Amino acid sequence: MTHQDHQDPYRLGTPQAALTPGHGDGDGPDAVSRGDVVRALLWAVVVLSAVANMALSFTGAAAPLHLASGVVTVLAAGALVVRRLRGRR
């Protein structure tokens, strides 16, 4: 095995196989799936709504705003749990 054949799984750069023609069409092993995008968006919603809820607590905002951001957080977290459990099947 030569140095060029060795693939470091922790390397941050683009693998050499992805640079060859025919591998950049979006259906290779490194392509981002729709599920990955949805999971990332759900995590973003969880974090942003939790931060919004915390900010609302510090500013003394009305209770309905706290409830709305809390509901959004719980729904997004619940969706992540459901997706995880369905993915195990």
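All residue numbers for the sequence shown refer to the working numbering, where the first residue is 17 and numbers rise by one.
Every residue gets a Cβ at the ideal spot worked out from N, C-alpha and C, and that includes glycine.
Keep in mind that this is a model prediction, so the values were computed, not measured.
Point to revise | chain D within 9 Å of arginine 50, Cβ atoms only | key: Looking at the structure shown, chain D is missing, and only one protein chain is on hand.
Review point. By how many angstroms is the C-alpha of phenylalanine 74 removed from the C-alpha of valine 48?
Key: Answer to the nearest angstrom: the Cα atoms are 38 Å apart.
Point to revise | Contact under 9 Å by Cβ, serine 104 with glycine 51 | key: According to the sequence provided, residue 104 is arginine. The question's serine does not apply to it. In this structure, glycine 51 does not lie closer than 9 Å to arginine 104 by Cβ.
Practice item. Locate the alpha helix (DSSP H) running through serine 73, then write down its first and last residues. Key: First-last of the alpha helix (DSSP H) with serine 73: 50 to 75.
Review point. By the 10 Å Cβ neighbour count, where 16 or more other Cβ atoms means buried, how is alanine 92 classified, buried or exposed?
Key: The residue in question, alanine 92, is buried, as its Cβ has 16 or more Cβ neighbours within 10 Å.
Practice item. Counting only the same chain and skipping the five closest in sequence on each side, list residues whose C-beta sits under 6 Å from that of leucine 96. Key: Residues of the same chain with a CB within less than 6 Å of the CB of leucine 96, apart from the 5 flanking positions on each side, are Leu58 in chain order.
Review point. For leucine 28, does the three-state DSSP call read helix, strand or coil?
Key: DSSP places leucine 28 in coil when its eight states are reduced to three.
Exercise for review: Please confirm whether threonine 89 and valine 61 have their CB atoms less than 9 Å apart.
Suggested key: Cβ distance < 9 Å, so threonine 89 and valine 61 count as in contact.
Check your understanding: Under the three-state reduction of DSSP, which class applies to histidine 39: helix, strand or coil?
Key -> Low confidence applies here, because histidine 39 scores a pLDDT of 49, under 50, leaving its location unreliable; read the following figure in that light. Of the three classes helix, strand and coil, the one that applies to histidine 39 here is coil, per DSSP.
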